[in-house]
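*Asks:*
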Amino acid sequence: MIKSYLIILGCNSSLPTKNFHPTSQILYMRNNYFLIDCGEGTQVQLIKAKIKMNKINNIFISHLHGDHYFGIMGILSTYQLLGRKNKLNIYSPKGLKNIIYENLKWSKSKITYPLNFITLKSKKFKKIYKDENVNIYIIPLKHKIYTNGFLFKEKKKLKNLNIKNVKKIKEIKISDYLKIKKGKDFVKKNGEKISNSYLTIKKKNKLLSYAFCSDTSFKPKICKYLKNVDLLYHESTFLHEKKKLAYNRGHSTSIQAAKIAKLANVKKLLLGHYSCRFPNIGKFEKEAKKIFNNSETSKILKIYYI
Ligand SMILES: [Zn+2]
Ligand SMILES: [Zn+2]
0 MIKSYLIILG CNSSLPTKNF HPTSQILYMR NNYFLIDCGE GTQVQLIKAK
50 IKMNKINNIF ISHLHGDHYF GIMGILSTYQ LLGRKNKLNI YSPKGLKNII
100 YENLKWSKSK ITYPLNFITL KSKKFKKIYK DENVNIYIIP LKHKIYTNGF
150 LFKEKKKLKN LNIKNVKKIK EIKISDYLKI KKGKDFVKKN GEKISNSYLT
200 IKKKNKLLSY AFCSDTSFKP KICKYLKNVD LLYHESTFLH EKKKLAYNRG
250 HSTSIQAAKI AKLANVKKLL LGHYSCRFPN IGKFEKEAKK IFNNSETSKI
300 LKIYYI
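Take 0 as the starting number for the sequence shown in numbering that gives the first Met the number 0 and just add one per residue.
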């Protein structure tokens, strides 16, 4: 099985620069491709990252500032041109559905594949998605408008059968396999219990997690949701010399992002959402490392294995 990974498609704040697009990321986790935010130019970045667009069935939008969603019309139109049939789920704050349909109305365009909008409105940490492999939660952030971060957590994997031992127990049928893979013992007709550890192979499967903290002021309260995550992306729009400005604009500094990483005891911190007033990106990393050593500035199209 391919390990979970993250690709940064864009990590600038509102103004794009020649090196950085606005915010967008693709997370691969257990056979799913999750698109997180969709700044302008996201579909071009997906092509560069060699991600097949039709593999994406779920898009998560943190908030409705343009640098986090202006790329969505392009993606939706391209899907239409490519003849998409699969349902596309869009998780976003209230308003995006109206924006999209208003846009379609004025361009006399249609979308014929199923579009499913899931409106996020909770101000509490909450599960918003689950399948057999992954759980996803919203993390309420502190910004100028309603904004969420997202926490992605792998779920417990099914165990592998010890097929040699399973075959020795004649009563076990193929229809019993799933229960055994889920960890159940097998009970024979005569009441004899065959322990699950005999029927399965012991394998250490670490469950990985990724957290995306979009635009936010310093909010240490979120650390309880971020405890021990393997990879944390946290915005750091400003260097710490602009701490006051960061607070007034609803953003964080690199030092503040590093403090969150340290308090939450995460494994690795990725910084991003740089303001274009700081052309030397390396300074963000340097500052953050003073507080949390395993800090790195996001690099476009680099693969970060979780
Ligand atoms: Zn932003
Ligand atoms: Zn914003």
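Ideal Cβ positions, reconstructed from N, Cα and C, are used throughout, including at glycine.
Just so we're clear, the structure is a prediction, and the values are computed from it rather than from any experiment.
#1: Which residue spans inside the segment 249-288 form an unbroken alpha helix (DSSP H) run of at least 4?
#2: Which class does C37 belong to by DSSP, given the choice of helix, strand or coil?
#3: In the DSSP assignment, what residue or residues form a beta bridge with A210?
#4: If you run the structure through DSSP and keep just helix, strand and coil, what is E295?
#5: Would you be able to state if there are at least three C-beta pairs under 8 Å between the segment 27-35 and the segment 49-68?
#6: Going by DSSP, name the residue or residues bridged to M28.
#7: Is the number of C-beta pairs between the segment 173-184 and the segment 134-148 that are closer than 8 Å three or more?
#8: Near N161, which residues of its chain fall below 8 Å by C-beta distance, leaving aside the five closest residues on each side in sequence?
#9: For the putative contact between Q24 and L8, defined by C-beta atoms under 8 Å, what is the C-beta separation to the nearest angstrom?
#10: Counting along the chain, where does the alpha helix (DSSP H) carrying N102 start and finish?
#11: In its own chain, which residues sit with a C-beta less than 8 Å from the C-beta of P219, not counting the 5 before and 5 after it?
#12: Hey, how far is the Cα of N204 from the Cα of K109?
#13: Who are the Cβ neighbours of S253 in its own chain at under 7 Å, not counting the five residues just before and after it?
#14: Note down the Cα distance separating F211 from I168, rounded to an integer number of angstroms.
#15: For a test of the three-state rule: what should DSSP assign to T75, helix, strand or coil?
#16: Check whether chain D comes within 8 Å of Y32, counting only Cβ atoms and requiring the distance to be less than that.
#17: Considering only heavy atoms of ligand 1, does any lie closer than 7 Å to the CB of H67?
#18: Could you tell me if the beta carbon of H233 falls within a distance shorter than 7 Å of some heavy atom in ligand 1?
#19: Helix, strand or coil, according to DSSP, for Y224 in the structure here?
#20: For the segment 105-125 against the segment 180-193, do three or more pairs of beta-carbon atoms, one drawn from each stretch, fall closer than 8 Å, so that the two count as touching?
#21: Let me know the secondary structure DSSP gives K167 once reduced to three states.
#22: May I ask you to report which of helix, strand or coil DSSP gives P219?
#23: Which ranges would you report for the alpha helix (DSSP H) in the segment 37-67 if only whole runs of at least 4 residues count?
#24: Here's a check: name, in chain order, each residue in its chain whose Cβ is nearer than 7 Å to the Cβ of Y303, leaving out the five neighbours to either side.
#25: Using a Cβ-Cβ cut-off of 6 Å (strictly less than) and excluding sequence neighbours within five positions of N57, which residues of its own chain qualify?
#26: Quick one: what's got a C-beta closer than 7 Å to N159's C-beta in the same chain, skipping five residues either side?
#27: Using only the alpha-carbon positions, how far apart do G40 and S251 sit?
*Replies:* In short:
#1: 253-263
#2: Within the sequence shown, residue 37 is the residue found at index 38, counting from 1. Residue state, collapsed to three classes: strand.
#3: As a working note, residue 210 is residue 211 in the sequence shown. DSSP, once it has assigned bridges, lists L150, L231 as partnering A210.
#4: Position 296 of the sequence shown, counted from the first residue, corresponds to residue 295. DSSP places E295 in strand when its eight states are reduced to three.
#5: yes
#6: Here residue 28 refers to the residue found at position 29 when the sequence shown is read from its first residue. DSSP output for M28 lists N31 as bridge partner(s).
#7: no
#8: Locating residue 161 in the sequence shown gives position 162, counting from the first residue. Excluding sequence neighbours, N161 sits near Y197, L198, T199, I200.
#9: Translated into the one-based positions of the sequence shown, residue 24 becomes position 25. Translated into the one-based positions of the sequence shown, residue 8 becomes position 9. That pair is a contact at about 6 Å.
#10: In the sequence shown, counting from the first residue as 1, residue 102 sits at position 103. That run of the alpha helix (DSSP H) goes 95-105.
#11: Your numbering for residue 219 matches position 220 in the sequence shown. Taken in chain order, the residues that qualify are K258, I259, L262.
#12: In the sequence shown, counting from the first residue as 1, residue 204 sits at position 205. In the sequence shown, counting from the first residue as 1, residue 109 sits at position 110. The alpha-carbon atoms of N204 and K109 are separated by roughly 45 Å.
#13: Counted from its first residue, the sequence shown places residue 253 at position 254. The answer, listed in chain order, is S235, L238, H239, L270, F283, E286, A287.
#14: The residue labelled residue 211 in the question sits at position 212 within the sequence shown. The residue labelled residue 168 in the question sits at position 169 within the sequence shown. Rounded to whole angstroms, F211 to I168 spans 47 Å at the Cα level.
#15: Here residue 75 corresponds to residue number 76 of the sequence shown, with the count starting at 1. The question names Thr, but residue 75 is Leu in the sequence shown. L75 falls in the helix class under three-state DSSP.
#16: Of the chains in the structure shown, none is chain D; there is only one protein chain.
#17: Locating residue 67 in the sequence shown gives position 68, counting from the first residue. Correct: H67 has its Cβ closer than 7 Å to ligand 1.
#18: Reading the sequence shown from its first residue, position 234 is the one you call residue 233. No, the Cβ of H233 stays beyond 7 Å of every heavy atom of ligand 1.
#19: Locating residue 224 in the sequence shown gives position 225, counting from the first residue. Of the three classes helix, strand and coil, the one that applies to Y224 here is helix, per DSSP.
#20: no
#21: Looking up residue 167 in the sequence shown gives position 168. K167: helix per DSSP, three-state reduction.
#22: By 1-based counting over the sequence shown, the position of residue 219 is 220. Here P219 sits in helix by DSSP.
#23: 41-47
#24: The count along the sequence shown starts at 1 and reaches residue 303 at position 304. If we look at Y303 and ignore the five residues flanking it on each side, its Cβ neighbours are Y4, L5, L230, L269.
#25: Position 58 of the sequence shown, counted from the first residue, corresponds to residue 57. Within the same chain, N57 has close Cβ partners F33, N88.
#26: Counted from its first residue, the sequence shown places residue 159 at position 160. Only T199, I200, K202 meet the Cβ criterion.
#27: The count along the sequence shown starts at 1 and reaches residue 40 at position 41. The count along the sequence shown starts at 1 and reaches residue 251 at position 252. In a straight line, the C-alpha of G40 is about 24 Å away from that of S251.
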